[in-house]
Amino acid sequence: MPFDVTPHLRKDLPPPAAAWGGYPELNFVGGHNNPGSIPSDALAEAAKRVIAREGASLATYNMDNGPQGYLPLRRFLADKLKRYAEIACTPEQLLITSGSLQALDLVNDVLVEPGDSVITEAQSYGGIFGRLRRAGATWTGINVDDDGLKTDQLENVLADMKARGTRPKYIYTIPTLQNPTGTVMSRDRRLALLRIAEAYDTMIFEDDCYADLTWDGSRPPAIRALDQSGRVIHCGSFSKSLAPALRIGFIVADWDILSRMLTVKFDGGTGALEQMVLAEYASEQFDDHISRLRGTFKENCDAVVSALEEQFGVAAEFRVPKGGIFIWVKLPDTVDTTRLAQAAAAEKILINPGADWVAEPETGRHSIRLCFGLPSPETIREGVARLADICHREFGLPERGANVARG
Ligand SMILES: Cc1ncc(COP(=O)(O)O)c(C=O)c1O
98 MPFDVTPHLR KDLPPPAAAW GGYPELNFVG GHNNPGSIPS DALAEAAKRV
148 IAREGASLAT YNMDNGPQGY LPLRRFLADK LKRYAEIACT PEQLLITSGS
198 LQALDLVNDV LVEPGDSVIT EAQSYGGIFG RLRRAGATWT GINVDDDGLK
248 TDQLENVLAD MKARGTRPKY IYTIPTLQNP TGTVMSRDRR LALLRIAEAY
298 DTMIFEDDCY ADLTWDGSRP PAIRALDQSG RVIHCGSFSK SLAPALRIGF
348 IVADWDILSR MLTVKFDGGT GALEQMVLAE YASEQFDDHI SRLRGTFKEN
398 CDAVVSALEE QFGVAAEFRV PKGGIFIWVK LPDTVDTTRL AQAAAAEKIL
448 INPGADWVAE PETGRHSIRL CFGLPSPETI REGVARLADI CHREFGLPER
498 GANVARG
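In our numbering, the protein residues as written are 98 to 504.
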């Protein structure tokens, strides 16, 4: 009899993972990067240089740089955050993490207990909802408009919660190129958010992982940069600006919080080679790389916008992204996007159904998120055309032969 592990497992595990079957070509899910934009030669040269110079330091955990991560990478980040996001921080206020997903885990580990509540944006990153669920927390979503999170609604929700004796552990926001809506929170809203967080004595968790990807490189200062109090935890990532497989993210926070996170970061340190190669490469070439990458993503974005206009006509409502790698599209109310995603997956086209990217699943039932970082413009055009065919077959929309351009 083969060994049956099932009775030995924890009772509360999610269902087993499927065996890896590879990505289909028409892949519009996940924060993948553009294969042609990976600076392989420059990374190889950086690796050769840094390993020749500092390879011996791999003999110690954390390269003898301490648990916060490779010091030259933290120095690079402190300088870059100042130049790009107006954040004044020292390497001592930075913690390098294994992707920003680990940043989400660490923040939840030190702040959230079962029964706690958290504020999110009404449409937000699917990864935060799964984590809050596992932590036993509940969440309330606040709508976003063109200026980002609606602070008037936030204030009402916090007042209600206060009246019921509840204080949320933190407000999770993706202020710059919000996932999935693509909005950029205005400076005024950032200031209002800080004022409200102070009035209700709660923390802000600012996830800025797309912030380097606005088309023209401009962006409002990070919320962390506008804060004087230390109540803002800021996190970022190199997944979107360089390569997700590197698994390098970071947290900026005051020492009283960082020192607590260090006590729950049990991984023996984030991968050393990734940090060393990244610091070596980025210190000289990040600025040039990111401006080239923005141009590539803009071409992909133009392709997805024109394909949606051509194939879906007025049936697709969306904001034209100001940067980033995804677009949030509202389809007519007769289209159930969970069913659409299943029908598309059966034909090897992957899209994110909206229900996975909203605080209350019902509110995302007619929306989809399309990621355009990975596919080429040609593949994008083909994928959107095939998706429109599937949508028409399943729901009778978009109407065929009546491709009305959006006004
Ligand atoms: C808003 C947001 N935060 C965090 C992550 C995690 O990214 P990573 O762990 O690759 O840095 C993602 C990935 O898509 C994201 O969209």
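Each residue gets a CB set at the ideal place from its N, CA and C atoms; glycine is no exception.
From a predicted model like this one, the values you see are computed outputs, not experimental measurements.
Using three-state DSSP, classify residue i as helix, strand or coil.
| i | result |
| --- | --- |
| A502 | Reliability of the predicted coordinates at A502 is poor, the pLDDT of 45 falling under 50, and no value is obtained from them. |
| G451 | helix |
| R466 | strand |
| W312 | coil |
| G346 | strand |
| K395 | helix |
| I446 | strand |
| E457 | coil |
| G365 | coil |
| H489 | helix |
| F415 | strand |
| V402 | helix |
| I424 | strand |
| I505 | Nothing about residue 505 can be reported from this structure: the residues present for the chain run from 98 to 504 only. |
| P341 | helix |
| R497 | coil |
| F100 | coil |
| D430 | coil |
| D351 | coil |
| I184 | coil |
| L484 | helix |
| L471 | coil |
| S336 | coil |
| T435 | helix |
| G410 | helix |
Closest to residue i by C-alpha separation, out of the options, would be which residue?
| i | options | result |
| --- | --- | --- |
| P472 | T460, E491, I465, I446 | I446 |
| N276 | L290, G223, L484 | G223 |
| R344 | D138, L198, N124 | L198 |
| S315 | T367, E183, Q408, L201 | E183 |
| E407 | F226, D313, R483, V204 | R483 |
| D213 | G227, P136, D430, G233 | G233 |
| L203 | T360, S334, T235 | T360 |
| F335 | D249, H386, G365, D313 | H386 |
| E459 | G470, S154, T311, V432 | V432 |
| G119 | F492, F469, R497, A442 | A442 |
| R466 | L178, F415, D101 | F415 |
| D304 | P112, A350, E122, T248 | A350 |
| D138 | E444, G470, Q382 | Q382 |
| G493 | P429, T435, P474, F469 | P429 |
| S326 | T311, P318, A340, D298 | D298 |
| E444 | A413, V481, I348 | V481 |
| E210 | I268, L229, L251 | L229 |
| D353 | I268, E189, A185, D399 | E189 |
| T263 | P169, A175, T235, H489 | T235 |
| L123 | A175, V401, A141 | V401 |
Compute the distance between the beta-carbons of residue i and residue j, then report whether it is under 8 Å.
| i | j | result |
| --- | --- | --- |
| T97 | V281 | No answer is possible for residue 97: it lies beyond the span of the chain, which begins at 98 and ends at 504. |
| D380 | K427 | Per the sequence shown, the amino acid found at residue 380 is Ser instead of Asp. In this structure, K427 does not lie closer than 8 Å to S380 by Cβ. |
| Y181 | D309 | yes |
| L291 | D324 | yes |
| M165 | L191 | In the sequence as presented, Met is not what sits at residue 165; that position holds Gln. Against a cut-off of 8 Å, the Cβ pair of L191 and Q165 comes out as a contact. |
| G238 | A452 | no |
| I193 | T367 | yes |
| E491 | A440 | yes |
| Y307 | K337 | yes |
| A342 | L155 | no |
| M373 | V147 | yes |
| C468 | F394 | no |
| N397 | G333 | no |
| P317 | S283 | yes |
Just checking my contact of residue i with residue j at CB under 8 Å: how many whole Å lie between their CB atoms?
| i | j | result |
| --- | --- | --- |
| I301 | V329 | 5 Å |
| W425 | G279 | 6 Å |
| L355 | K266 | About 17 Å; that fails the 8 Å criterion. |
| V126 | N449 | 5 Å |
| R286 | L246 | 6 Å |
| A143 | Y378 | 4 Å |
| A485 | P474 | That belief does not hold up - the Cβ atoms of A485 and P474 are roughly 17 Å apart, past 8 Å. |
| F173 | A322 | About 18 Å; that fails the 8 Å criterion. |
| G128 | G346 | Not really, about 12 Å apart at Cβ, beyond 8 Å. |
| T248 | A185 | Between A185 and T248 the Cβ distance is about 24 Å, and since that is not below 8 Å, they are no contact. |
| I216 | L251 | 7 Å |
| R389 | G420 | With a Cβ gap of about 14 Å, R389 and G420 do not count as contacting. |
Is any heavy atom of ligand 3 found at a distance shorter than 7 Å from the C-beta of residue i?
| i | result |
| --- | --- |
| I271 | Ligand 3 is not among the ligands present in this structure, which contains only ligand 1. |
| field | Sequence ranges, alpha helix (DSSP H) only - wholly within the segment 106-182, length at least 4 | value | Segments of the alpha helix (DSSP H) lying fully in the segment 106-182: 137-151, 168-182.
| said: If we require 4 or more residues per run, which alpha helix (DSSP H) segments fall completely within the segment 264-334? | reply: 284-296, 320-323
| message | Give the list of continuous beta strand (DSSP E) stretches no shorter than 3 residues that lie fully inside the segment 187-270. | response | 191-195, 214-218, 235-239, 267-270
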